[in-house]
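**Q** Let me begin by handing over the structure; questions about it come next.
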Amino acid sequence: MDFRDTPAEAEFRAEIRAWLDEHLVGKFAELGGRGGPADETGWDTRVEWERILGADRWIGMNWPVEYGGRAADFSQQVIFDEEYAKAGAPARISFFGEGLFAPTLIAFGTPEQKQRFLPKIQAVEELWCQGYSEPNAGSDLANVQTRAVLDGDEWVINGQKVWTTLAHRAQWCFLVARTDPESKGSRGLSYLLVPMDQPGVEVRPLRQMTGTAEFNEVFFDDARTDKSLVVGDVNDGWKVAMATLGFERGTAFFSQQLAFQRELADLIEVARANSSIDEPRIRQELADSYVGVMIMKYNGMRMLTNLVKRGVLGPESSIGKLYWSNWHRTLGERAMHILGPGGQIIDAGFDGAYELNEIQRSFMFSRSETIYAGASEIQRNIIGERVLGLPREPR
Amino acid sequence: MDFAFSEDQEVLRDTVRKFLDARSPESEVRRLMDTVDGYDPAVWAQMASELGLQSLALPEAYGGQGYTFVELGIVLEEMGRVLLCAPFFSTVVLAAHAILNAGTDAEKAALLPGIASGETLAALAFTEPSGRWDADGITMVASGSGDSYTLDGTKTFVIDGHVANLFVVAARTQGTGGEEGISLFTVDGDAAGITRTPLATMDQTRKQARVDFAGVKATPLGPVGGGWDALSKTLDQAAVGLSNEMVGGAQKVLDMSVEYAKVRVQFGRPIGSFQAIKHKCADMLLEVESAKSAAYYSAWAAAEDSDELPVVASLAKAYCSDAYFHAAAENIQIHGGIGFTWEHPAHLYFKRAKSSEVLLGDATYHRELLAQRIGL
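Just so you know, the sequences run in chain order A and B.
With the numbering used here, the residue at position 315 of the first sequence is 321, and numbering never jumps.
With the numbering used here, the residue at position 177 of the second sequence is 362, and numbering never jumps.
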């Protein structure tokens with residue numbers, strides 16, 4: 007047990023700091039750590055910034071060298087994320103491509119598929135979205151109804167996806183569709199890669215309780231994609247889709263904890279400014295949120311050590327999503343306590359406008375976080391059944 | 186970065202677990218908790234001579250083995266898992282660390298070897314009838330000068346104060362307040378003027394006593410009037426130690442719940458297949474694993490004597506207190522009627538969880554302390 011950097015880790019950290027010092031300047035530095043997958047603040051500047059990152063292979067740093075990566079190990083990724091967050095660099099826009107699709111492709115894709123897609127992700131020339139949820143396939147994801155049938159050398163896709171984050175920005179979608187029409191449940195599904203810019207794909211923004219529309223509905227009406235763009239075997243896409251969810255629920259939350267620390271620090275400043283920091287209840291709540299975010303960090307470090315040492319995730323990894331989403335939702339509620347009546351007044355709210363400040367938006371948006379990427383109730387099922395070995399619900 | 190126990194540390198855990206499973210089964214816990222003394226001198230001697238648990242984390246210069254707080258944390262976790270009835274926390278965590286933090290080399294050389302060998306049972310006489318855990322709670326006055334001081338007043342909620350043959354006592358110089366003027370003293374357990382009264386405790390597995398001092402001769406431990414820093418550090422280390430002890434119990438009640446949920450059948454199904462029960466267990470796992478992360482990290486901070494210690498001690502104590510109590514309470518609920526009986530061990534853990542939550546200040550107290558320590 008030792009939480010200090012090894013000499014090699016310290017050297018790597020110094021390299022990252024030097025790189026950020028050199029490149030994170032001007033408008034990129036001004037943007038600060040703002041934005042997020044669901045917050046399009048400074049979009050064009052963030053695209054520009056990520057292209058600089060990609061050019062120096064900081065996007066896809068954990069990919070094999072042959073695909074443009076640095077073959078960085080887990081602890082290097084965490085060091086990078088830490089320094090990135092400490093430097094206040096812009097929130098990343100390529101999460102779905104780099105964080106979810108790329109590791110799935112590296113695990114299950116053909117060499118041709120990897121050559122075709124990974125460089126474009128690294129160059130930030132192609133953004134991805136995730137076509138999983140449907141109106142009747144939410145928590146019960148295996149109930150996917152979207153169908154794909156082969157027509158010569160192409161798949162023809164019909165159906166509807168929903169809650170598709172950044173579909174309006176993405177050039178590609180990785181989606182789960184039913185390719186065996188006789189099948190039910192998790193069998194007979196395939197993992198298809200579909201270009202978004204075609205007549206058969208329609209993206210409709212889905213306005214949320216935040217007033218904004220980061221989520222979308224995506225309609226596929228005889229949309230087409232090449233026969234070769236299936237990841238894994240045809241009719242065997244469920245395990246590929248589950249692997250992506252593993253990446254989403256597993257390692258992806260490391261960097262999140264750092265953004266949360268920043269958010270809490272900002273909130274503490276707000277409480278200091280309006281003197282609510284002197285109220286016992288607010289002090290208790292802020293201290294509790296501090297405890298929570300630090301434990302998120304400690305849990306992450308334990309999980310990382312398990313990955314590095316044993317190549318497997320321990321039970322602490324399964325609690326990540328459930329933990330952070332609840333922590334963040336509670337922080338939003340506490341922010342409202344701190345803001346008091348002033349927190350009820352928004353920036354603009356007439357004639358169709360509904361504009362929230364950053365704290366209000368986080369308070370609202372956090373209600374989605376305990377639902378997307380596997381609702382808290384689903385996470386508890388997973389923990390109960392796969393970690394604790396409790397009997398499954400009769401289905 | 187490496188957040189895992191070493192192989193040697195895992196071997197230590199295994200050795201301690203085997204010993205405690207053999208020498209502190211539930212039947213022994215129940216036998217000892219019903220006695221006034223509350224521990225088995227033979228087991229205590231075996232812990233010292235065969236396993237060296239009392240000496241494990243004490244410096245070699247004072248009869249110890251020179252291991253760190255991380256190893257001590259492992260031992261405490263295992264003790265918490267079986268609800269060991271013994272004056273270990275009082276002697277090795279509270280009193281020994283007070284001596285380590287406050288004492289001169291000569292004082293440490295005089296006092297610690299007895300603790301290391303298991304001959305000395307020591308207690309930290311700190312809290313008073315006000316039940317406060319901070320500096321203002323210390324009102325006992327020490328009068329005198331040089332090496333000759335006299336103590337008058339009452340200490341209570343003293344862990345294992347009824348069996349200790351050495352007391353470390355916190356008192357203050359007349360006319361001082363707050364953190365100023367606090368000193369630590371040592372007093373023999375059978376010194377003239379001491380009256381000890383064993384207290385009947387709700388948690389029968391950890392004994393407490395009231396200790397009245399009437400003109401008791403006391404020897405200064407460290408600088409007179411400058412004892413608060415040493416005491417405060419001792420309380421932080423103790424919070425870390427207790428957090429590790431608590432995660433042992435918390436994991437045990439989670440194990441009991443999961444095991445029962447798999448075999449207890451109602452409505453024709455194991456109750457663990459119902460989400461109402463399954464989700465309770467999942468939440469317990471989340472909290473137990475998180476409590477472990479906090480407790481282990483804080484043990485490392487204590488081992489390194491890190492600047493982070495005050496913050497992470499309060500952090501761990503706040504989280505682990507809530508997590509253990511919640512898990513112990515859910516364990517009763519999941520067991521249903523049987524969990525409410527005297528015969529079932531669920532209540533033993535529930536009571537230990539509550540007494541541990543209160544000991545050294547509850548979660549609310551430590552969250553406020555944490556708030557101050559992070560500059561809120």
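Note that CB positions come from ideal geometry on N, CA and C, so glycine has one too.
Here the structure is a predicted model, which is why all the values come from computation and not from measurement.
Taking Glu542/B and Tyr509/B to be in contact with their CB atoms under 8 Å, please state how far apart those CB atoms are, rounded to whole angstroms.
**A** On the second sequence, residue 542/B is found 357 positions in, with the first residue counted as 1. On the second sequence, residue 509/B is found 324 positions in, with the first residue counted as 1. Going by Cβ atoms, the distance from Glu542/B to Tyr509/B rounds to 7 Å, so yes, they are a contact pair.
**Q** Figure out for me which residue from Arg395/B, Phe311/B, Leu500/B has the closest Cα to the Cα of Val299/A.
**A** Residue numbering aside, residue 299/A sits at position 293 when the first sequence is read from its first letter. Looking at the Cα atoms, Leu500/B is the closest of the given residues.
**Q** Return the chain-ordered list of same chain residues with a C-beta closer than 8 Å to the C-beta of Leu212/A, the five sequence neighbours on each side being excluded.
**A** Start at 1 with the first residue of the first sequence, and residue 212/A comes out as number 206. Result list for Leu212/A: Val168, Trp169, Ala219, Phe221, Asn222, Glu223, in chain order.
**Q** With Leu198/A and Val162/A assumed to form a contact (beta carbons below 8 Å), what rounded beta-carbon distance in angstroms separates them?
**A** Stepping through the first sequence from its first residue, residue 198/A is reached at position 192. Stepping through the first sequence from its first residue, residue 162/A is reached at position 156. Incorrect: roughly 11 Å between the Cβ atoms, too far for contact.
**Q** Count the C-beta pairs between the segment 262 to 271 of chain B and the segment 311 to 320 of chain B that are closer than 8 Å, then say yes if the count reaches three, no if not.
**A** The answer is no - the segment 311 to 320 of chain B does not touch the segment 262 to 271 of chain B, with fewer than three Cβ pairs under 8 Å.
**Q** State the CB to CB distance for the pair Phe253/A and Met302/A, rounded to an integer number of angstroms; the pair is presumed to be in contact (CB under 8 Å).
**A** For the purposes of this step, residue 253/A is taken as the residue at position 247 of the first sequence. For the purposes of this step, residue 302/A is taken as the residue at position 296 of the first sequence. Rounded, the Cβ-Cβ distance is 18 Å, inconsistent with contact.
**Q** With DSSP as the reference, identify every bridge partner of Phe398/B, one or two as the case may be.
**A** Position 213 of the second sequence holds residue 398/B. Answer is Gly338/B, Ile379/B, bridged to Phe398/B.
**Q** State the beta-bridge partners of Ala308/B as determined by DSSP.
**A** Taking the first residue of the second sequence as position 1, residue 308/B is located at position 123. Bridge partners of Ala308/B: Phe352/B.
**Q** Is any beta-carbon of chain A found at less than 8 Å from that of His464/B?
**A** Indexing the second sequence from 1 puts residue 464/B at position 279. Yes, contact with chain A.
**Q** Counting only C-beta atoms, is Val135/B closer than 8 Å to chain A at any point?
**A** Residue 135/B lies beyond the residue range present for chain B, which begins at 186 and ends at 561; the question has no answer from this structure.
**Q** To the nearest angstrom, how far is it from the Cα of Leu133/A to the Cα of Arg122/A?
**A** As a first step, residue 133/A must be located in the first sequence, where it is residue number 127. As a first step, residue 122/A must be located in the first sequence, where it is residue number 116. The alpha-carbon atoms of Leu133/A and Arg122/A are separated by roughly 14 Å.
**Q** For the segment 450 to 458 of chain B and the segment 273 to 293 of chain B, state whether three or more C-beta atom pairs, one from each stretch, are separated by less than 8 Å.
**A** Contact fails: fewer than three Cβ-Cβ distances are below 8 Å.
**Q** Find the residues of chain B that neighbour Arg308/A, judging by a C-beta separation of less than 7 Å, and give them in chain order.
**A** On the first sequence, position 302 is the one that residue 308/A refers to. The answer, in chain order, is Phe188, Ser478.
**Q** What does a CB cutoff of less than 6 Å around Trp64/A pick up in its chain, not counting 5 residues either side in sequence?
**A** For the purposes of this step, residue 64/A is taken as the residue at position 58 of the first sequence. So no residue of the chain qualifies.
**Q** Below 7 Å on C-beta distance, what does Met300/A contact in chain B?
**A** In the first sequence, residue 300/A corresponds to position 294, counting from 1. The contacting residues are Leu500.
**Q** Over what stretch of residues does the beta strand (DSSP E) that includes Asn68/A continue unbroken?
**A** Counting from 1 along the first sequence, the entry for residue 68/A is found at position 62. First-last for Asn68/A: undefined, no H or E at that position.
**Q** According to the Cβ coordinates, are Met218/B and Thr390/B closer than 8 Å?
**A** For the purposes of this step, residue 218/B is identified with residue 33 of the second sequence, where counting begins at 1. For the purposes of this step, residue 390/B is identified with residue 205 of the second sequence, where counting begins at 1. Yes, the pair counts as a contact, with Cβ atoms nearer than the cut-off.
**Q** Which same chain residues end up closer than 7 Å to Pro141/A when comparing Cβ atoms and leaving out the 5 residues on each side of it in sequence?
**A** As a first step, residue 141/A is located in the first sequence; it is residue number 135 there, counting from the start. Same-chain partners within the cutoff: Gln166, Val168.
**Q** Could you work out which residue in Arg76/A, Tyr90/A, Gly94/A is closest to Glu36/A when comparing CA atoms only?
**A** In the first sequence, residue 36/A corresponds to position 30, counting from 1. Ranking Arg76/A, Tyr90/A, Gly94/A by Cα distance to Glu36/A puts Gly94/A first.
**Q** Hey, which unbroken runs of the beta strand (DSSP E) at 3 residues or more fall wholly within the segment 330 to 362 of chain A?
**A** For the segment 330 to 362 of chain A, not a single whole beta strand (DSSP E) run of length 3 or above is found.
**Q** Taking 8 Å as the CB-CB cut-off, is Ala457/B touching chain A?
**A** The sequence position of residue 457/B within the second sequence is 272, counting from 1. This sequence places Gly at residue 457/B; Ala is not what is there. For Gly457/B, the answer is yes, since a Cβ of chain A falls inside 8 Å of its Cβ.
**Q** Nearest-angstrom Cα distance between Val278/B and Leu26/A?
**A** Indexing the second sequence from 1 puts residue 278/B at position 93. Indexing the first sequence from 1 puts residue 26/A at position 20. Each residue's Cα considered, the two are about 45 Å apart.
**Q** So who's on the other strand from Glu160/A, going by DSSP bridges?
**A** Walking along the first sequence from the start, residue 160/A turns up at place 154. In the DSSP output, where bridge partners are listed per residue, Glu160/A has Asp157/A, Asp232/A.
**Q** So with CB distances below 9 Å, who are the chain B contacts of Lys120/A?
**A** Residue mapping note: residue 120/A aligns to position 114 of the first sequence, counting from 1. Going along chain B, no residue has its Cβ under 9 Å from Lys120/A, so there is no contact; the nearest lies around 30 Å.
**Q** Using the C-alpha atoms, what's the distance from Ala173/A back to Arg230/A?
**A** Translated into the one-based positions of the first sequence, residue 230/A becomes position 224. Translated into the one-based positions of the first sequence, residue 173/A becomes position 167. Cα to Cα, Arg230/A sits roughly 17 Å from Ala173/A.
**Q** Which ranges does the beta strand (DSSP E) cover as unbroken runs of at least 3 residues, wholly within the segment 453 to 495 of chain B, from first to last along the chain?
**A** The qualifying runs do not exist here; there are none.
**Q** Looking only at its own chain, which residues have a Cβ that is under 7 Å from the Cβ of Ile519/B, when we skip the five neighbours before and after it?
**A** Here residue 519/B corresponds to residue number 334 of the second sequence, with the count starting at 1. Correct list, in chain order: Ser442, Tyr445, Ala446, Ile462, Lys465.
**Q** Closer than 7 Å by C-beta to Glu291/A: which residues in its own chain qualify, once you throw out the five before and the five after it? Chain order, please.
**A** The count along the first sequence starts at 1 and reaches residue 291/A at position 285. Counting only Cβ-Cβ distances below 7 Å, and skipping sequence neighbours, we find Arg340, His343.
**Q** Quick one: is Val443/B near chain A, going by C-beta distance under 8 Å?
**A** Here residue 443/B refers to the residue found at position 258 when the second sequence is read from its first residue. With 8 Å as the cut-off, Val443/B counts as an interface residue toward chain A.
**Q** Taking the alpha helix (DSSP H) that Pro117/A belongs to, which residues open and close that run?
**A** Residue numbering aside, residue 117/A sits at position 111 when the first sequence is read from its first letter. Unbroken alpha helix (DSSP H) run through Pro117/A: 117 to 128.
**Q** Across which residues does DSSP place Leu545/B in a beta bridge pair?
**A** Translated into the one-based positions of the second sequence, residue 545/B becomes position 360. Beta-bridge pairing links Leu545/B to no other residue.
**Q** So is Tyr252/B in contact with chain A if we call contact Cβ pairs under 8 Å?
**A** The count along the second sequence starts at 1 and reaches residue 252/B at position 67. Not one chain A Cβ lies under 8 Å of Tyr252/B.
**Q** Tell me which residues of the segment 542 to 555 of chain B have at least one Cβ-Cβ distance to chain A shorter than 8 Å, keeping chain order.
**A** Listed by position, the residues of the segment 542 to 555 of chain B near chain A (Cβ gap below 8 Å) are Thr549, Arg552, Glu553, Leu555.
**Q** For Pro397/A, return the contacting residues in chain B, with the cut-off set at a CB-CB distance below 8 Å.
**A** Residue numbering aside, residue 397/A sits at position 391 when the first sequence is read from its first letter. Ordered by position in chain B, the residues that pass the 8 Å Cβ test against Pro397/A are Lys447, Arg454, Pro455, Gly457, Ser458.
**Q** For the candidate residues Arg210/A, Leu394/A, Ala20/A, whose alpha-carbon lies nearest to that of Gln82/A?
**A** Locating residue 82/A in the first sequence gives position 76, counting from the first residue. The residue with the shortest Cα to Cα distance from Gln82/A is Ala20/A.
**Q** Ignoring anything shorter than 3 residues or poking outside the segment 266 to 320 of chain B, list the beta strand (DSSP E) runs there in chain order.
**A** Runs found: 307 to 310.
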